[in-house]
Every structure is written in structure tokens, then in C-alpha cells.
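**Student:**
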Amino acid sequence: MKLAVLREGRDAEKRVAATPETVKKLIALGFEVSVEAGAGANASMPDTAFADAGAKIEADRKTLLADADVIFSVQGLEGADAGLAKKGAAQLAVLNPFGEKDRMQAYADAGLMAFAMEFVPRITRAQSMDVLSSQSNLAGYKAVLDACAEYGRALPMMMTAAGTIAPARVMVMGAGVAGLQAIATAKRLGAVVSATDVRPAAKEQVESLGGKFVMVESEETKAAETSGGYAKEMSDDYKAKQAALIAETLAKQDIAITTALIPGRPAPLLITEDMVKSMKPGSVIVDLAVEAGGNCALSKPGEVVEVHGVKIVGHKNVPSRLAADASALFARNLVHFITPVVKEGALAFDFEDQIIKESLVTKDGAIVNERLKGEK
35 MKLAVLREGR DAEKRVAATP ETVKKLIALG FEVSVEAGAG ANASMPDTAF ADAGAKIEAD
95 RKTLLADADV IFSVQGLEGA DAGLAKKGAA QLAVLNPFGE KDRMQAYADA GLMAFAMEFV
155 PRITRAQSMD VLSSQSNLAG YKAVLDACAE YGRALPMMMT AAGTIAPARV MVMGAGVAGL
215 QAIATAKRLG AVVSATDVRP AAKEQVESLG GKFVMVESEE TKAAETSGGY AKEMSDDYKA
275 KQAALIAETL AKQDIAITTA LIPGRPAPLL ITEDMVKSMK PGSVIVDLAV EAGGNCALSK
335 PGEVVEVHGV KIVGHKNVPS RLAADASALF ARNLVHFITP VVKEGALAFD FEDQIIKESL
395 VTKDGAIVNE RLKGEK
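Following our numbering, the numbering of the sequence shown begins with 35 at its first residue and continues without gaps.
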């Protein structure tokens, strides 16, 4: 069994899909591991570290992919490179299938067996494979640090001989994995934290971390969560009521961190321009959903802009801003995914297994994922 680890080529991507630690584990499973030269350079993992772990370093991508049975990547092969891989090779990566259907078709045409790691179901035995959670956790932490870097004041209360500094008020919008980590980080830094989410179940989690939960409760919110643990899109009536409550709360905040995403759809608009105008001068908004359209109407992907006296942070690929740790967690997710597939030194995918079935996007020259078949 041969496994190839790619060097990422997309803008702002510093992560790598394997580490020296996971290379050793993959070799122990029976893989011959080849790493593309420079793959870990941006994550503080030089080629020598991979070589010392037992991997072969390969400078030529065509050679790397020619006989690889398994391909590890963070964001996957570009469509133009899909033909370099051998037919039937299994690719594991975050693929953005809803947003890049042409690339999925290129994988199908090339005969790749492509697995979208973001489609791994949120079930108990797949928790160690959940790349969305591992990366979102770091994104939530980094969002608070990015907010602090732009905020011109301190976060905690400070009592000094010269007087008292009031604590900053932080509001986190969306209490998923990223949001909960943002709440915990802001609390550790001494801020007064509030949070909102459409799912009533999030209230207990927010309050357990010391945050105040802000939400319009209605009959609709009782069914606001999918079986996979994601938030559903709410009705226009509910959105209007929630927006009014948020607008009132947001005007009192110093920092807002937005994390709301809906799989396969544009990010919901949570902060309008009028809400931005209502915030205090010097306030900061960090939009973690900026690459999916943004939760803030004024955020711009890859930029920090100041509008109406408010700084709006729209960094792309926030987990990649913590490349070493993000890579370490991502690489372990992939190892946990591939380990049960290896049987007696050979690959044996069980296509009836829930994890395999739900994450598989292309196979035998076709797009096979049920979530994509209805997409036009």
C-alpha cells in the first residue's frame, strides 16, 4: 500500500495533512509513505523531519501520485491534477463538494475514490475523524486572539491605583464548536461574555462556560437542530425577531465573533450595516464565516476593514493561522479514518458502513454521494 501526502497550493493554506508523528503510525499500518517536498514547511515541519520518521520525500508530483493507493491532503487535488492520480486511488481531504461541483466531476472523470472529510457523520465512533470539530475548535480560539489584536483596550477588569478598567463585553454568535471555544477563551481572558444560537440545547453549554445565553424562544426553535448536530435555517419571521434582540444586545458589546454556518448554503446574515452603526467606536467584529458569504454584511474575505468606526476582521482559513496545531489534529483525523479500512495489510473499504457511505463523494467514474445528487 502506497500513500502520498500533498503539498497544499491554495491561497492562505499553511497546513499539511500528515505530521512526522502520523507518518510513523501510517508506516506501522503497512503503508509506504511519500511526502511531497516542502509539504510541511509552512507548518514548521521540514522535509528532514518527515524523512527521519520514515517517509520518502518526492519533489515531482506526477511521480508522487502515479502509484499512490491513498492520497492525503488538506484541501484536495485541483481538478487539473486529478488525472495524475491512478484510477481507483482514494483521496481524503476537505473538498467543499457543494461549492466546487466541477472539481468533483473532475475526480469522477479521473476515476478517483474521493472522500470529503467534512461529510463524516457526527456519530460517536467518528468523533476522532471529525475534521470540522478539530479545526473549528482552533478557529474559535484564534478568533478571540485576532479580536484582541484589533481591539484597542484590555479584556479583563483591572483595578489599579490610577482607577478601574471595566471588562470588555464579548458576544459570540453561534454556539457550535468554534463558538464554544471562543466563549471559553474570552472568559479566560476576563471578558464578560454573552452568546446566541438558534438551538435551545446550546443554552446549557453556553452557561456552563460562564456565558449569558441570548435567544428568542419559540416553537420553531424546538426543531432547530439537524440529526447531525447542525443548526437549521430558520423562518423569516423568526429571523426578524432574533435580529431585533441581537441588535439591542450588540449595541452594548465591544467585540462580536460570528461563527454561524449552514452546510451547503451561504452563511446566514446576522449583523447588518445598521447593527454595525449601532456599535461603539473602536468595537471589533470577527467574521469566521466570511468565506461562506459572511455573517456580517460588511466583512470582506482576507481583509480587516474599518467601517462606521468598527473594525471588521475577515481572515481567510483561520485554522491555518495556527498551522502546526491544526495540521497535527487534521493529520490524526485522517489516520483515525484510514485505520479501520486496513485489513491484513490491504485496503478494504466497507461501502455499507455509515462513515464510508456518507463521506464518499466519487467512485467508479461517478458522483455517488446522496447529498450531492439532488444538487443542480
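Each residue gets a CB set at the ideal place from its N, CA and C atoms; glycine is no exception.
1) Given a threshold of 16 other Cβ atoms within 10 Å of its Cβ, counted over all protein chains shown, does Lys-410 qualify as buried or as exposed?
2) Closest to Gly-411 by C-alpha separation, out of Ala-362, Ser-333, Ala-358 and Pro-201, would be which residue?
3) Excluding the 5 residues preceding and the 5 following Pro-302 in the sequence, name in chain order all residues of the same chain whose CB lies nearer than 6 Å to its CB.
4) By DSSP, does Ala-177 sit in helix, in strand, or in coil?
5) Should Gly-186 be labelled buried (16 or more other beta-carbon atoms within 10 Å of its own) or exposed?
6) Using C-beta distances below 6 Å, list every residue in its chain close to Glu-392, excluding the 5 sequence neighbours before and after it, in chain order.
7) Can we say the segment 53 to 70 touches the segment 135 to 146, given the rule of at least three CB pairs closer than 8 Å?
8) What did DSSP end up calling Arg-156 once you bin it into helix, strand or coil?
9) Hey, out of Ile-390, Asn-367, Lys-273 and Ser-168, whose CA is closest to Thr-56's CA?
10) Using 9 Å as the threshold, is the C-beta distance between Gly-245 and Val-232 below it?
11) In terms of residues, what are the limits of the alpha helix (DSSP H) holding Gln-388?
12) How would you label Ala-323, buried or exposed, when you count the other beta carbons within 10 angstroms and need 16 or more for buried?
13) Select from Ala-93, Ala-202, Ala-89 and Gly-145 the residue whose C-alpha is nearest the C-alpha of Gly-113.
14) Assign Asp-45 to one of two classes, buried (16 or more other C-beta atoms within 10 Å of its C-beta) or exposed (fewer than that).
15) May I ask which residues mark the beginning and end of the beta strand (DSSP E) holding Ile-289?
16) Are the beta-carbon atoms of Ala-212 and Gln-239 separated by less than 9 Å?
**Tutor:** Based on what the coordinates show:
1) At Lys-410, the pLDDT of 46 sits below 50, so the modelled position is not reliable and the matter cannot be decided from this model.
2) Since the first and last residues shown for the chain are 35 and 410, residue 411 lies out of range.
3) Ala-294
4) helix
5) exposed
6) Phe-153 and Pro-155
7) no
8) coil
9) Asn-367
10) no
11) 388 to 393
12) buried
13) Gly-145
14) exposed
15) 289 to 292
16) no
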